[in-house]
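Only one structure is covered here, and it is reproduced in the block below.
There are 4 protein chains.
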Amino acid sequence: MAKPRPKTVKRRAAGAKRKRTSQGEPRREAILAAALEEFSARGFATARLDDVARRAGVAKGTIYLYFRDKETLFQELVRAELSPVVKALEAAPMTDLPMRVVAERLIELFVREIFATRRKDVIRLILTEGPRFPAIAEFYYREVVAHVVTVIRRLAQRAIERGELTNDSLVRFPQLLGAPGIVAIIWSGLFDRWAKLDAEAFMRAYLDLIFGKGRAP
Amino acid sequence: MAKPRPKTVKRRAAGAKRKRTSQGEPRREAILAAALEEFSARGFATARLDDVARRAGVAKGTIYLYFRDKETLFQELVRAELSPVVKALEAAPMTDLPMRVVAERLIELFVREIFATRRKDVIRLILTEGPRFPAIAEFYYREVVAHVVTVIRRLAQRAIERGELTNDSLVRFPQLLGAPGIVAIIWSGLFDRWAKLDAEAFMRAYLDLIFGKGRAP
Amino acid sequence: MAKPRPKTVKRRAAGAKRKRTSQGEPRREAILAAALEEFSARGFATARLDDVARRAGVAKGTIYLYFRDKETLFQELVRAELSPVVKALEAAPMTDLPMRVVAERLIELFVREIFATRRKDVIRLILTEGPRFPAIAEFYYREVVAHVVTVIRRLAQRAIERGELTNDSLVRFPQLLGAPGIVAIIWSGLFDRWAKLDAEAFMRAYLDLIFGKGRAP
Amino acid sequence: MAKPRPKTVKRRAAGAKRKRTSQGEPRREAILAAALEEFSARGFATARLDDVARRAGVAKGTIYLYFRDKETLFQELVRAELSPVVKALEAAPMTDLPMRVVAERLIELFVREIFATRRKDVIRLILTEGPRFPAIAEFYYREVVAHVVTVIRRLAQRAIERGELTNDSLVRFPQLLGAPGIVAIIWSGLFDRWAKLDAEAFMRAYLDLIFGKGRAP
DNA sequence: GATGAATGAGGGTTCATTCAT
DNA sequence: TATGAATGAACCCTCATTCAT
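Protein chains in written order, with this note's numbering: chain A, 1 to 217; chain B, 1 to 217; chain C, 1 to 217; chain D, 1 to 217.
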């Protein structure tokens, strides 16, 4: 009974390892970063907390000091990475610029803040794991997608009023504007090996397609 | 009796041969159908072969008579479901109809043959599991995506020549034409709970957007 | 992903081990017997299913073919071992013999069917683990203790009517008759190392004490 | 300041010394009290030191300043709670009162000092955990049980000499006198939920049974 | 071919114990 | 002294895979 650890055995023979101990370093952040790597690379179900711990430079048990369980780690990972986006969306100023200009800025924003960062992987994780994590899908829908849809719809409405757009497709389906962004993310994870896709050029070409080439700026 | 096959003999390496019982190998089909259900519902890693077997009405061991292992089952599932599509693509006739008309037929085809069928789930599986199954991603890329891209590029080229399109976006990025289809599939798996998306209307609105409303038939 | 077992590695290099395969042999029984041993020796919480499996000559996973989990194994163990006792109790014939005679037969029965068998350990397990397993305590109370109490009360009642007993202590507290049996079981598990207790003599001395020495047959 | 004790020095082996803060080492007491609660409620193996610490209002590490490990805590807990009993036993005066009277006083003592106090739980812990803690079983046997047995044997001897008892059962098995006390403790932990047992009445009825009702006082 | 009982590696989670502060 | 974050061994349970029948 109670064989918790041989009492006579010295642990960690030498004071070697123990990499990161700069007190200021937030273990939680390290774990989240490592989890994102592992979940992205192997998927939620297949990722091993052992690997997350190793990558974060902590012991396996340490993860449980910060997260109730694997699923919670995943959910908090998504929330943590997305919350700046959520905040930015809520603070999004309504401009009076032409829609095409706004759209181009959105592309820049998307590339800089999402596509070129770890957030791209978070989005991909949501797309791939979301069906098994309704809570995450809902969070993403309510906090991100719904906002974006609303904003785009309003933009499209005004663009029509101003004559920048000649039909109401984007009002009825604002998702259309974001479609290339989603596809770019998916493509990059699936097919870049065989055919790399220049996401920014891809999305700009899309604007050319729907607004007409060079009509803007 | 019993015909106890010498114990040291390697069983047929499985996967290879096949094709005997005239009317379509009902067991194999049942397993594939069951596997699609389970993989779609739970993802590859989380799906249990036990459930696949139960759903298919066979014993667990039977699966291994037809497929080397879980991964092979998955790969053959994708191939089996996609091969008609592949064949259709290869036989796709090049028409001289206006691009918008062709695009509308593609939408109909997509809705009827993909979106309204189990193939939608196969596509979704490829999108979500592909990153962990390069073989599948590659197969899908080479046999489906590349063909579609080529076809669309050719269509776009001609459309430009005929003045139906005024810029080369679709030539440079034929993926743009398929983007809404992809997004529709993803949306349906993620967000339909909160906001159902009418895939066909969605894609038609897209054509309105890029070709101009009602300009075509 | 899916690293279920290296495909090329041959398992169980030699067809050695595989002890018990005499088809007729009930795995379930072997597991229950092994579980009783392990639970008795180490207590429920500390017993390792690994050891149960090893002792039963089966693989760890096999246990789960027969029992949902560790706790279920424990509960079914208790039920399985006690059910003959329960049946015997229900079929217990009411005799007209003097109470002392009946009590002596009960002692013989107790020694032969409980104390000299694995059931002694089951009773001990109930006494020690019961507080943490209300379901087991209740089962034992309802199916065994309550019956025994009822039977003894009836016996005591009649003994009073016949003048074999001169007070109603055993009617009010039939448990008194069984107390030495319980104490014998506890003692044997705790103190036999330092002072062995002859359970049968112990209980017979008890009858001498309450009925008077040698007054009965 | 900080007085950072040279890192290589072995901390006081813990357990030994102790005894300084005048008014009874409140921390140590708090830990022992908390430990008794937790061990009683969940058993040794299942109790968590985390909970003990929380209940005692100290940090987890603090426990280790007072006790080498979980097992030592348990053993010292038993010793601490029992030592007053041990002392009382050693000082037990030999009276010349009739045995029944003495027995009744023992019952009162048992009820007041054991059954109505936390010591009941300590006894129960010994009974349930003893088999896995030979050191505790032995301590309890030597310091408590053996003494009690000796005392009762002497009492019984004299009772026979005086004609208060007509047979030697209690001389040969003094444990018989304590049996109902043990059973009362066990019953209260197991079956009180379904059938509460009045321990004092139970033990008094026992005296009625073996000495004859009302013959005493 | 077909079955499904059996296997056992793998991984999530817990918790006694340590130690830097 | 006291703290509590960190550690990592241990253990329950799952499930892909095998194989005797």
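C-beta atoms are modelled at their ideal positions from N, C-alpha and C, and glycine is treated no differently.
Contact annotation: in the region 187-216 of chain A, residues whose CB is within less than 8 Å of a CB in chain B are W187, G189, L190, F191, R193, W194, A195, L197, A201, F202, A205, Y206, D208, L209, I210, G212, K213. Contact between B/V78 and B/I114 fails: their C-beta atoms lie close to 14 Å from each other, not under 8 Å. Judged by DSSP in its simplified three-state form, B/M94 adopts coil rather than helix or strand.
Taking 7 Å as the cut-off, the beta carbon of A/L177 is found no closer than this to the beta carbon of A/V102. Under the 10 Å beta carbon count, A/P93 is surrounded by fewer than 16 other beta carbons and is classified as exposed. With a 10 Å radius around the Cβ and a threshold of 16 neighbouring Cβ atoms, C/L65 comes out exposed. Every alpha helix (DSSP H) of 4 residues or more that sits fully in the region 139-207 of chain A is shown, in chain order, as 146-162, 169-172, 175-190. At a cut-off of 7 Å between beta carbons, C/P98 makes no contact with chain D. In terms of beta-carbon proximity, D/L65 stays away from the interface with chain C, with every pair separated by 7 Å or more. P134, A137, E138, Y140, Y141, R142, V145, A146, V149: these are the residues of the region 134-156 of chain B whose beta carbon lies less than 9 Å from some beta carbon of chain A, given in chain order. Between B/A159 and B/E143, the alpha-carbon positions lie close to 25 Å from each other. DSSP places A/I114 in no alpha helix (DSSP H); its state is neither H nor E. In this structure, A/V52 lies away from A/A33, with their beta-carbon atoms at least 7 Å apart. Residue contact with chain B for A/R55: absent (no Cβ-Cβ distance below 7 Å to any residue of chain B).
For the C-beta of D/G43, the chain C residues within less than 9 Å are, from N- to C-terminus, G43, F44, A45, T128, E129, P131, R132. In this chain, the alpha helix (DSSP H) harbouring D/R54 covers 49-56. In this structure, A/A30 and A/A56 form a Cβ contact; the two beta carbons are roughly 4 Å apart against a cut-off of 8 Å. By the CB criterion at 7 Å, D/L209 and C/I210 fall inside the cutoff. When the beta-carbon positions are compared, C/A146 and D/L190 stay at least 7 Å from each other. Around the beta carbon of C/R68, fewer than 16 other beta carbons sit within 10 angstroms, so the residue counts as exposed.
Secondary structure note for D/F67: it is in no alpha helix (DSSP H), with a DSSP letter that is neither H nor E. DSSP, read as helix, strand or coil, puts A/E37 in helix. Put simply, the backbone Cα of D/R119 is about 30 Å away from that of C/V171. Put simply, the backbone Cα of B/G130 is about 10 Å away from that of B/I123.
The criterion of a C-beta distance shorter than 7 Å is not satisfied by A/A184 and A/F173. Nearest in C-alpha terms to B/R54, of all of B/A80, B/T72, B/R27, B/F44, is B/R27.
At a cut-off of 7 Å between beta-carbon atoms, D/R172 makes contact with chain C. Excluding five sequence positions before and after A/V111, the CB atoms of its chain that fall closer than 7 Å to its own CB belong to A199, E200, given in chain order.
For A/E108, the enclosing alpha helix (DSSP H) covers residues 99-109. Contact note: C/I182 reaches chain D through A179, I182, V183, I186, using a C-beta cutoff of 8 Å and chain order. For A/Y140, same chain residues with a beta-carbon under 6 Å away, outside a window of 5 residues either side, are I126 in chain order. If you compare the alpha carbons of B/T117, B/Q175, B/V86 with that of B/L36, the shortest gap goes to B/T117. In the structure shown, B/E29 adopts helical secondary structure according to DSSP, grouped into three states. Contact of D/S83 with chain C is not assigned, every C-beta pair being separated by 7 Å or more.
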